[in-house]
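In full-length UniProt numbering, the protein residues as written are 1 to 252. Cβ coordinates follow ideal geometry from the N, Cα and C atoms, glycine included. Keep in mind that this is a model prediction, so the values were computed, not measured.
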Amino acid sequence: MSEMLKTQDGREIAYDRIDGAGPGVVFLGGFRSDKEGTKALALEAWAKRHGRAFLRFDYSGHGQSSGDFLDGCIGDWFEDARAAILELTEGPQVLVGSSMGGWISLLMAREYPEKVAGLVTIAAAPDFTEDGMWAEFSDTQRQELIEAGQVALPSDYSDEPYIITKRLIEDGRGRLVLRTPLNLPMPVRMLQGTADADVPVSVAVRLIEHATGPDIRLTLVKDADHRFSTPECLKLIELSVLKVIQRIGEVA
1 MSEMLKTQDG
11 REIAYDRIDG
21 AGPGVVFLGG
31 FRSDKEGTKA
41 LALEAWAKRH
51 GRAFLRFDYS
61 GHGQSSGDFL
71 DGCIGDWFED
81 ARAAILELTE
91 GPQVLVGSSM
101 GGWISLLMAR
111 EYPEKVAGLV
121 TIAAAPDFTE
131 DGMWAEFSDT
141 QRQELIEAGQ
151 VALPSDYSDE
161 PYIITKRLIE
171 DGRGRLVLRT
181 PLNLPMPVRM
191 LQGTADADVP
201 VSVAVRLIEH
211 ATGPDIRLTL
221 VKDADHRFST
231 PECLKLIELS
241 VLKVIQRIGE
251 VA
């Protein structure tokens, strides 16, 4: 049964947590995803097998947490992640960020490097509101967003369209990580599928070229899609987390 964390902003964040050895592992999900996804549950099972502390949670407007998805933005979801990580974990953590969760984990690493022992990103989507949405909108879509406050986009994952709000786009501009220096002093493992239709390989290459740090590696998986949830991909995520934990132990 999930527990609830009430944040300083009055939002209620649903979470599941297991105790274990540190550094703990925190899973950060993607845009419109929740903590019950395949990757989150597989990683939790791995953490249980290895006696490792683990946390998964829902951003506000996602899953079991309070709020309406359409009211949210990157800043809100970053604040939710920050509250969960700072209040529900002990010591530095290994953050595993999927898609948008990759962007949010990078924000955490930039703002709270002392709390982030290591990073594993899965199809990380930094700055996607600007580079993957606004940049690809037609003039008509941009005008609609500005005048109506939102625009509907078709979704590959459901019959319901994505509703993109003006607030999401405008707030995202204050959270960009690829326009200013991004130092990642912790071990970082980036995973990316070559058949990802949502986050192209060029994004992963741009991120690894932009970030600075002593131990950053990118692994490309041929034919893997954005879900990155095949048994082979899940195994690679687990292995990457283990490698990061081992590297942390070597450096300590």
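- Can you tell me the Cβ-Cβ gap for R189 and R167, rounded? I've got them flagged as a contact below 8 Å. On the sequence shown, position 189 is the one that residue 189 refers to. On the sequence shown, position 167 is the one that residue 167 refers to. 33 Å between Cβ atoms; not a contact.
- Kindly give me the distance between the Cβ atoms of Y59 and S65, rounded to whole angstroms, as I take these residues to be in contact under 8 Å. Here residue 59 refers to the residue found at position 59 of the sequence shown. Here residue 65 refers to the residue found at position 65 of the sequence shown. With 8 Å as the limit, Y59 and S65 qualify as a contact, their Cβ atoms being about 6 Å apart.
- Task: Assign P231 to buried or exposed, taking buried as 16 or more other Cβ atoms, counted over all protein chains shown, within 10 Å of its Cβ.
- Result: Locating residue 231 in the sequence shown gives position 231, counting from the first residue. P231 comes out exposed.
- In three-state DSSP terms, what is K166? What you label residue 166 is simply residue 166 of the sequence shown in a count that begins at 1. Helix, per DSSP.
- Task: Using a threshold of 8 Å, state whether the C-beta atoms of M1 and E12 are closer than that.
- Result: Position 1 of the sequence shown, counting from 1, holds the residue named residue 1. Position 12 of the sequence shown, counting from 1, holds the residue named residue 12. Not closer than 8 Å, so no.
- Stretch pair the segment 166-182 + the segment 138-155: three plus CB contacts closer than 8 Å: Taking one beta carbon from each stretch, the segment 166-182 and the segment 138-155 have 3 or more pairs nearer than 8 Å; the two touch.
- Task: Indicate the three-state DSSP secondary structure (helix, strand or coil) for Q141 in the structure shown.
- Result: Here residue 141 corresponds to residue number 141 of the sequence shown, with the count starting at 1. Per DSSP, reduced to three states, the secondary structure at Q141 is helical.
- Let me know the alpha helix (DSSP H) ranges lying completely inside the segment 106-154, each 4 residues or longer, listed in chain order. Contiguous alpha helix (DSSP H) elements confined to the segment 106-154 occur at 139-148, taking only those with 4 or more residues.
- Cα-Cα separation, S155 to T194: For the purposes of this step, residue 155 is identified with residue 155 of the sequence shown, where counting begins at 1. For the purposes of this step, residue 194 is identified with residue 194 of the sequence shown, where counting begins at 1. Going by C-alpha positions, S155 is about 20 Å away from T194.
- Task: Would you tell me roughly how many angstroms separate the C-alpha atoms of I104 and D71, rounded to the nearest one?
- Result: Counted from its first residue, the sequence shown places residue 104 at position 104. Counted from its first residue, the sequence shown places residue 71 at position 71. Their Cα atoms are separated by approximately 18 Å.
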